[in-house]
Amino acid sequence: MLEERGVWVWGDAEGARNFCGNSMAIPPPDPKFVLRGTGASVNTLHFCCSDQEDWNPILFSGSANGQIHIWNLKTHRADKVLESHNKQSVLWIHTLQGRNGLISQGRDAAVSTWDLSEGRTAVIDSIPLDSYGFCQCSLMQEGVGHYLLASPGSTSSEVKILDLPKKTPVWVLKPPADAKLGMPMCLKLWQPPSGSRPLLLVGYENGSLTLWDLSEKKMLSHLACHNEPIMCLDFDPERAKGISGSSEKLLSSWGLDNQQNLKLQNTLTLVNAGIADTCIRQDKKILATAGWDHRIRIFGWKKLKPLAVLQYHIASVHCVTFSDHVVPSERLMAAGSKDQRISLWSVYNKP
Amino acid sequence: MEPEILEVHCLIKQAISTLSSSRDRAEIIHTLQSVKQNLRGPETANPSPQKKEFLKTYYSHFLQVLTNNLSVDWLQLLPVNQEKELLDDFFLNGPPHEAFLVLLDTITATRPSLRQERCVAILEQFLQEDRMAQLIEEICLEYTSPHMSSLQETLLNKISALPDHMANKLEKDNRAIFYPENYYPLLGQEMVLVLERIYEQLKGGMDSSLFFVSQLLGKVCMQGHTDAVLHVLVPRLTILTQSDCIWQRISWRLVENVPERWMENVVSGFVRLSAGPNVLSRLLGNIVLKNKKANFVLTHKFLLLQYQLKVLKKLLETWSNSSALRHTPIEQQLYISKAIVIILAELSDSEIQEHKRELLSGMMAGVECHLDSNIARVRQLGMAVAECLSARVNSGDHRLKFEYAEDDELRELKSLSNPRHLSSWEAPPQQHKDESSQLESGQSLAETSLNPVESRQNSQEVQDSESASELDSDDELIPYDLSIDTELQRNRAPVYISDSVEVLMTSADPEQIEITLKAVENLIRKNPTASREISVQLTKVLLHLEDKFNISGFTGLRQGGLVAITVTDTIPVTQYLTTEFYAVNYSLTQRLDILDVLALAAQELSQPDSSQRATNESPSIQLLKSETSGAYNPSQQWKKIIEKRIENKTRRFTRGASRPEPEAVPNRLSPVAGYFFFPLIRNYDRPQTPFDFLAEESLIMGRLIHTLAIIMYFSVNALVAIHMGKALLDFIWAVRYHTDAYVRQGTLFAVSSVLLSVPNNILLTEVPDELLEIRCWLADVAENDADEGCRRSALQSLLLMENFKKKLGVFTE
């Protein structure tokens, strides 16, 4: 079945090539390589490539059967497989202090921290969460070994900020009761370049976006940018500009003005509905979206110019992320899909 | 007797005798001048007693004598340059009514002659010098004296009918001033003059009567010259009444005094010609309260503002009356609907809320009986009116909202629900423009409110492009080929017909069902053998398929599939469908679908094989699918059929190059037409049928008849056509005076299809008596039916029968 699909993709690419013989358009690239064997749909991905120069770049993947794979990107094989969260689906993973620590969020409503140093695979701590939803947490480093974790709170629309490793709740952000925002769907915790207080972006079930000042527990701005639940968002602090995708066909970019007001900048209508994940590359040149229509799309970040539609997966793409390679030309993009495969791509890497 | 008066007596007597006998020029001139002395006198408020006496007693008589003398030789006695002075002045300076009467009498009593000609000339002069205004004014002044009434009556008739008198008498020699189009505006002008003089009198504190002016106005309006007179009168009054209350009172009294029997014409003229409701109320005042007739005219016939509520209720009563709906022509219903919508727009919210319950109950009943109607136009009319009603009566979310396609008629109706602004009266030609621009702005408003994201995006984009510099763009990134980014198709269409049956029966995946449904018609047509194996099963599945997922074009797709399977495996499928039509537990829609499918399949079979259509397509055969993209309604087909038939019979002298003769193929419908027809017609009155066709369900009855007629029409040239025709005629005889117009239309269509499809000679030999009866019935319908469509198609059929008779004539010879 898979091979047949592969052939079909190839044939299609051939056709496209012939079709565009005279025009400038080049056919989209194929994946650089593909990682198989997760045994369940891939929900989340995280690269770790730049912490030590001589170490192999690795990729963490979390899948729906509770396994966390640590992929060696030299050998293209899984170095280790961690069983976690009582075989419940892994929602989100992130590294702590390079590759020696890991934090994972599962559908068992718990966040686990792992010690991976010197070959260990032990859970250090497990923090119970209040929400059984699908909202991914967001992590921000405050100092060495000191983190803030944003997680969905106990009542609807509420977001809780925890201090790690102390596990103590620092702030609870409650929107006004009459706002009717629904559940939080995605979070993004970030520090403005000016270095002042951390800010939090929350995308809600009703399609609106809010910006919070954490230390004042105050909602700074509110923007209704979608008509359907916001599925994902990413933010570029340099340009003070972000992107959000929802379950509809619309991709919206919005900006923050000097008064910390969210303003809609640009919207783009896609061919098929549903964007599961979006990620802006570290160099702020391109952004990628993971579509429910099995396709990964690449856009120019400045003007949301459509650049590429990558077709490889045969089921919804759940997550997409860019690697943190030090050398720009080595940078990769990874996408995980419901079809249990992780595709790795090299796009727009030429300087 | 006073000496002066005696003197006058003598003088006049002598003058008259001189004038009638003398032929001496000097004597006549002298006499005339001396009489004239009397007539002239000093123009003061108190004329001399001689003049008074002369005018009162002798003026009329003297004028008669003068007119009698008007012959060629007598006139020659007068000096040419003094003729006017000596003669005409007598007529133009005396009491105008007497002069008028004498002149008119002379004109009407004489044959064409110099005398008549002279009188006509003087009368012309009389009109040109505004003597008519003088006349009217004088009659008005003397209105109070009782002996004037018969004189008034005479004058009224003569003045108002002057153009008729003149035209009758003078025939070709009539003068332009006596033409109605000139005379009546002049009369209007004169009335304005009179009113102005009366105004002066009132201002001077004198009493005055308008009665004669009103009478004259009424009489003239009654004779159908409303517009001519009022076109002069109304604009002038509009200006004069603007700020002067005396003028307003004059205007009110003018209308008020019009005798009741002429009131309607006058008031309707005012309503039509006054510029807007403000002006009208200024001109008419509170006439509605004072005059019953005016009240009736304004509130019942014209439906003006203050009495709207009562009128609205009455109208609603009619509107919601199902019997009225059935028996009145649609134009009348449209008129009533428009009136309702206009009144609704004019009423204030508080008034509506006060009578909410009555309005609501009227609306409910009306909606019910409109929606019950089988005529689409009536239904839509009902829906549109109900929407307007509920928009006014209900607040918030409880408004009625129907789904229907808006056409020009409904748009016009709905546009009436926006009350016309008072300002729009000043410049009526721009009215239309205003409205449309309002509509547009409304639309754009709605758009922006609907799609805030996009509109904001637009403005943002503009800003973006302005602020973004050349450097800040994605241009250095070259896009890959984006053409593969197409809509995702998750499922593949089935390849085998049995697979599609499987999918349609079991699948719960909306996309899978949609793709299958789209493919099923092609699959059936591509592989008839495989389709025949499961034809009845497939038919059953398709017939019971519900549009659970709101698939676009569902009805059309399903219908396409059903038609294809019916054509492919005709006999078993038609047997199944015709049985199911009368079976229990089917919805109305399914039964109607069955009828549609049968009609469409019959049409397809009656035409040359579809596989050959591609090679030699003849434009005269219209393909099914070219008609409409969505669901196809064959009951509308019959109009086209008749039109096409007429078109075919029309001989055209210029034709393009003759097409190659289409290849002859056997008629596929001919052997199976009976399977379509007889099971349908056989069972309608069986007791086991789930509903009573004849009594209720007139919609399905109408559709059944239409379908039968369509099958009949397509069975032309089939051998069974005569049997089918006989059965159909029998069938429709029972329902020929059905109360529902749609059923009647069906029966008429059936008659014409029988006349068209069954060969004439066979029809005449087989059913001569029925034909005669049908002819009487058709004549009756063509004359008396309330529905215009029925009348037209009855006429159409009568024409067919007429042609028939001609042919028969040829035959018997």
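Residue numbers (the numbering used here), protein chains in the order written: chain A, 98 to 448; chain B, 1264 to 2076.
Here a beta-carbon is modelled for each residue, glycine too, at the ideal position from N, C-alpha and C.
Interface partners of residue i on chain A, CB under 7 Å
i          : result
THR1749(B) : VAL368
Beta-carbon neighbours of residue i, restricted to chain B and to distances below 8 Å
i         : result
TYR465(A) : Because chain A spans 98 through 448 in this model, residue 465(A) falls outside it and cannot be assessed.
ILE123(A) : ILE1741, TYR1743, ASP1744
GLN408(A) : ILE1747
Residue j beta carbon less than 8 Å from that of residue i
i          : j          : result
VAL1641(B) : LEU1588(B) : yes
VAL1518(B) : VAL1534(B) : no
ILE383(A)  : TYR301(A)  : no
PHE1941(B) : ALA1865(B) : no
CYS322(A)  : ASP374(A)  : no
ARG1931(B) : LEU1868(B) : yes
SER254(A)  : MET280(A)  : yes
TYR2005(B) : SER1961(B) : yes
LEU367(A)  : LYS399(A)  : no
LEU1855(B) : ILE1985(B) : no
LEU348(A)  : LEU365(A)  : yes
VAL1560(B) : GLU1527(B) : yes
LEU246(A)  : LEU270(A)  : no
PRO1359(B) : LEU1318(B) : no
ALA2045(B) : ARG2054(B) : yes
LEU1663(B) : GLU1650(B) : yes
GLU335(A)  : LYS264(A)  : no
ALA405(A)  : PRO125(A)  : yes
ALA1430(B) : ASN1437(B) : yes
HIS143(A)  : HIS173(A)  : no
VAL256(A)  : LEU320(A)  : no
Within chain B, the residues that residue i reaches when beta carbons sit closer than 9 Å
i         : result
LEU404(A) : ASP1737, LEU1740, ILE1741, PRO1742, TYR1743, LEU1745
Interface residues of chain B facing residue i [CB-CB closer than 7 Å]
i         : result
TYR445(A) : LEU1740
ASP390(A) : LEU1751
Supposed contact pair residue j and residue i - C-beta distance, whole angstroms, cut 8 Å
i          : j          : result
ASP2003(B) : GLY1965(B) : 7 Å
THR1281(B) : GLU1270(B) : Going by Cβ atoms, the distance from THR1281(B) to GLU1270(B) rounds to 16 Å, so no, they are not a contact pair.
VAL131(A)  : SER440(A)  : 5 Å
LEU1572(B) : LEU1610(B) : 7 Å
CYS1508(B) : VAL1457(B) : About 19 Å; that fails the 8 Å criterion.
THR1829(B) : VAL1799(B) : Rounded, the Cβ-Cβ distance is 11 Å, inconsistent with contact.
SER305(A)  : LEU278(A)  : 6 Å
ARG1545(B) : THR1489(B) : Between THR1489(B) and ARG1545(B) the Cβ distance is about 19 Å, and since that is not below 8 Å, they are no contact.
ALA432(A)  : ILE372(A)  : That pair is no contact at about 12 Å.
Any chain E beta carbon closer than 8 Å to residue i
i         : result
CYS232(A) : As a matter of chain content, chain E is missing from the structure shown, whose protein chains are A and B.
Note to self: Any C-beta of chain B within less than 8 Å: which residues of the region 373-386 of chain A qualify?
What the structure shows: LYS382, ILE383
Note to self: Beta carbons nearer than 7 Å to chain B: which residues of the region 236-257 of chain A have them?
What the structure shows: none
Check: Contact between the region 1763-1774 of chain B and the region 1797-1804 of chain B: three or more CB pairs below 8 Å?
Finding: yes
Margin query: If contact is defined by three or more beta carbon pairs under 8 Å, each pair taking one atom from either stretch, is the region 1439-1450 of chain B in contact with the region 1464-1475 of chain B?
Written below: no
Check: How about the region 1574-1586 of chain B and the region 1537-1554 of chain B: do they share at least three Cβ pairs that are nearer than 8 Å?
Finding: no
Note to self: Does the region 1389-1409 of chain B come into contact with the region 1319-1335 of chain B, if we say contact requires no fewer than three beta-carbon pairs (one atom in each stretch) closer than 8 Å?
What the structure shows: In short, these stretches do not touch, since the Cβ pair count stays below three.
Margin query: Below 8 Å, how does it come out for the region 352-360 of chain A and the region 389-403 of chain A: are there three or more Cβ pairs, yes or no?
Written below: no
Check: Counting Cβ pairs, one atom from each stretch, are 3 or more of them under 8 Å apart for the region 1671-1678 of chain B and the region 1617-1634 of chain B?
Finding: With a cut-off of 8 Å, the region 1617-1634 of chain B and the region 1671-1678 of chain B do not count as touching, because too few Cβ pairs lie within range.
Notebook entry, point to check: Between the region 1740-1758 of chain B and the region 1788-1798 of chain B, do three or more beta carbon pairs fall short of 8 Å?
Noted result: Result no; under three Cβ-Cβ pairs closer than 8 Å.
Item checked: Touching by the beta-carbon criterion (3+ pairs, under 8 Å), the region 131-146 of chain A and the region 155-175 of chain A -> yes
Margin query: Tell me whether the region 1836-1844 of chain B and the region 1812-1821 of chain B touch, counting them as touching only if at least three CB pairs, one residue from each stretch, are closer than 8 Å.
Written below: no
Check: Does the region 232-244 of chain A touch the region 212-219 of chain A, meaning 3 or more C-beta pairs lie closer than 8 Å?
Finding: no
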